[in-house]
Each structure stands twice: as C-alpha cells, then as structure tokens.
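Colleague: Note that the sequence shown covers residues 1 to 310 in the UniProt record's numbering. This is the structure I want to talk about, given as structure tokens.
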Amino acid sequence: MSEADFIARLRSIATDPAARGLADDAAVLGDLVLTHDMIVEGIHFLPDERPQDVAWKLVAVNLSDLAAKGAVPQGVLVGYSLTGDAAWDAAFVRGLGDVLRRYEVPLLGGDTVGVPAGAPRSFGLTAIGKAPATGAPARSGVRPGDQIWVTGTIGNAGLGLAMRLGQEDANETCLAAYNRPQPQLAFGQAVANHVHAMMDVSDGLLIDAQRMAEASGCQIGIMLESVPLSAALLAVRPDVLDTRLAAATAGDDYQLLFAADPGVAGMIREIAAGLNVAVTAIGHAGVGEGIMLTHRAQRIAPPDRLGFMH
C-alpha cells in the first residue's frame, strides 16, 4: 500500500477539523500547530551518516512543517530506537542538543524502544508550535491569479545526496544542504498573514506543487527557468532543462512554497530582504488542475516522477 493509499484510508477516522483532512503539513488545534515526522535509516538517511547530522535532520524536517504554518516552536517530543551502540547514541544526543539550542526549542519528552542490533534505525519527532494570531495558512488556499513563490534555492540537497553516494564530486554547499537542512522559521512566521497558502518543499518542488494544486482545486504553472538554482549546483551541472527537472524533483530542500496575491509582491520581497532570505516568484496559479510546466516559454510535459514517493 502506498503512502497516499494509506492516508486515504485514515481520512475516514481523522474527521476532527484540526486534522485538516490529513491534507496539510500539520494539524491545527486551537492555537497549537502539531506535526510528526519520522526518519528511517536507508530511506531518509544513509547508514554511515554522522549521528549528529541525523539528529539535526530529525529536528529540522519537523520545524520546517511548523515554518510552513507560520508557527513559533514551543517544544518537541522524541521517539528513539536503541540498537545497543552506546557511542552512536551519545553522539546523537549531542547533535540533538546542538540543533535544539540553535533554534531555541525545548525538549519536552518522548519515548525510547530497544530494537535488535543491526536493525535499521528509526526515529520520530513531534513538534509543537503556536499558530499566528491570523491563523495558520493551509496548503489549500491558492487562488487563480496568485503568484507562486519559493524561498532559497532548489536541488542542492538532492545533489548533496548524489555526492554522498559517490555519484558526483563533493561540494560543501550541497553536502551541507543534504546533511543539515535549515528550516525557514523566521520567514514563515513573518509572511504567514500575507499568503493565501504555504507548505514546505520536502519531497520535491514539483510533487509538492502538485499537492498544493490538488488541495486548492486549481492549476499551478511553474516556469522552470525561474526555479532558483545555486551557483554551487551550477558549478557541477549545466543549466539545461534536464538539470532543472532533476533539481525540481530531488527533494530534501526544506524551503517554503507559497502563493500570494501579486499585489503583495513588494511586501514579500521587503520581508525577505530584512531576514536575508532569498525569495523567487516561479509561476502563477490559474483555473484547471495539477501543474503546468514551461521552460523558456515552451510547454513541457511533466516527468513521470515528480518527486519522492513513499
């Protein structure tokens, strides 16, 4: 059963309005925003990754969900699998402390469970945030005519993974993007009441844009030539259509994808500049469904694989 099929079956149970139909980055219960993500060895991180980096990623991917709702983190709960490697566990705890101090988030509790030695490590984290006074933006609020924006650059982490696998020459910028994603908390909080919809880019820009379009009942058009790529990525790969499609489907970016009225574009750029965050308008929403891709004014068929699928 795929992730989508499993979630579809859960929807008949998750009927509380706080669940948002299981179609958002987080649940919103009163003024609380709650999210839970798991990471599993061999799927979300490699067996030889540093435990400090695994701890960072576990926290960062959950804080990214809070960022997408404009929420201020209030604390986290950690679920941890003990495999009998005390040195690995100790290094993970040090890394956990580092990332929680970096984002000023308290550890409130959690649970541990012992698993057989050699079993794949798996960890879960629940992040709790306080919603903005104006309400947490959903991914379902896109309106025809909206501009579509993204923070930062896209594709660095995907290239970083390829480098970790020995498929590309190492590049510190891309390796850092893969090992230690940076959730856009401050920007998400600052822009939340100026957007119609917002979500984080975790599984790939195209698949997450598709999800936003489906949730909103509209079509999202993306100009691939406008998708922001870093100088570090373009130092390794040429700026051609295949490179842009690879970046837009790679995943692990943990940037924010959002939709807003064109009339607030200046305000969005001003907020971003004040926080030293890069933002790029990459397309528009219109009547229709799914995503529509163009490259240099030419219509492009979406690739068969839009991003990471569980």
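Even for Gly, the Cβ is constructed at its ideal location relative to N, Cα and C. Just so you know, these numbers come straight off a predicted model, no measurement behind them.
Just to confirm, are residue 160 and residue 175 a CB contact at a threshold of 7 Å?
Modeller: Their beta carbons are under 7 Å apart, which means residue 160 touches residue 175 by this criterion.
Colleague: For the beta strand (DSSP E) containing residue 38, name the first residue and the last one.
Modeller: Per DSSP, residue 38 belongs to the beta strand (DSSP E) from 32-40.
Colleague: Buried or exposed for residue 309, please, with buried defined as at least 16 other CB atoms from any protein chain shown within 10 angstroms of its CB.
Modeller: Classification for residue 309: exposed.
Colleague: Closer than 6 Å by C-beta to residue 288: which residues in its own chain qualify, once you throw out the five before and the five after it? Chain order, please.
Modeller: These residues qualify, in order along the chain: 219.
Colleague: Pair every Cβ in the segment 285-303 with every Cβ in the segment 169-185, then say whether three or more of these pairs are closer than 8 Å.
Modeller: In short, these stretches do not touch, since the Cβ pair count stays below three.
Colleague: Three-state secondary structure (DSSP) at residue 128?
Modeller: Strand.
Colleague: Answer yes or no: do residue 184 and residue 67 have a C-beta to C-beta separation smaller than 7 Å?
Modeller: Yes.
Colleague: So residue 212 and residue 257 are supposed to be a Cβ contact under 8 Å. How far apart are they, rounded?
Modeller: Yes, they are in contact, since the Cβ atoms of residue 212 and residue 257 sit about 6 Å apart, within 8 Å.
Colleague: Going by the DSSP bridge assignment, what does residue 326 pair with across the sheet?
Modeller: Beyond the ends of the chain as shown, which are 1 and 310, falls residue 326; an answer cannot be given.
Colleague: What are the residues that DSSP puts in a beta bridge with residue 298?
Modeller: Bridge partners of residue 298: 295.
Colleague: With respect to the alpha helix (DSSP H) encompassing residue 43, which residues constitute its N-terminal and C-terminal limits?
Modeller: Looking at the DSSP string, residue 43 is not in any alpha helix (DSSP H), and its letter there is neither H nor E.
Colleague: Where residue 59 and residue 144 are concerned, what is the direct C-alpha to C-alpha distance, given to the nearest angstrom?
Modeller: Straight-line Cα distance between these residues: approximately 34 Å.
Colleague: From the DSSP output, in three-state form, read off residue 118 for me.
Modeller: Of the three classes helix, strand and coil, the one that applies to residue 118 here is coil, per DSSP.
Colleague: Give me the Cα-Cα distance between residue 162 and residue 208, rounded to the nearest whole angstrom.
Modeller: Their backbone Cα atoms lie some 21 Å apart in a straight line.
Colleague: I need the straight-line Cα distance from residue 359 to residue 90, nearest angstrom please.
Modeller: Nothing in the structure corresponds to residue 359, since the chain is present only between 1 and 310.
Colleague: For residue 195, which residues in the same chain have their Cβ closer than 7 Å to its Cβ, ignoring the five residues on either side in sequence?
Modeller: Cβ neighbours of residue 195 beyond the five flanking positions: 137, 258, 259 and 260.
Colleague: Does the Cβ of residue 204 have 16 or more other Cβ atoms within 10 Å, making it buried, or fewer, making it exposed?
Modeller: Buried, by the Cβ-count rule.
Colleague: Just how far apart, CA to CA, sit residue 81 and residue 112?
Modeller: Each residue's alpha carbon lies about 6 Å from the other.
Colleague: Using only alpha-carbon positions, find the residue among 267, 192 and 227 that is nearest to residue 242.
Modeller: Of 267, 192 and 227, the residue nearest in Cα terms is 227.
Colleague: How about residue 152 and residue 210: are their beta carbons less than 7 Å apart?
Modeller: No, Cβ-Cβ distance for residue 152 and residue 210 is not below 7 Å.
Colleague: What does the Cβ neighbour count give for residue 106, buried or exposed, with the cut at 16 atoms within 10 Å?
Modeller: Exposed is the call here.
Colleague: Taking 6 Å as the limit between beta carbons, can you name the residues of its chain near residue 109, skipping five residues before and five after?
Modeller: Answer for residue 109: 77, listed in chain order.
Colleague: Quick check on the DSSP output: what are the complete alpha helix (DSSP H) runs of length 4 or more inside the UniProt domain "PurM-like C-terminal" (143-290), in order along the chain?
Modeller: Complete alpha helix (DSSP H) runs here, min 4: 156-164, 172-179, 185-191, 205-216, 231-234, 241-250 and 265-274.
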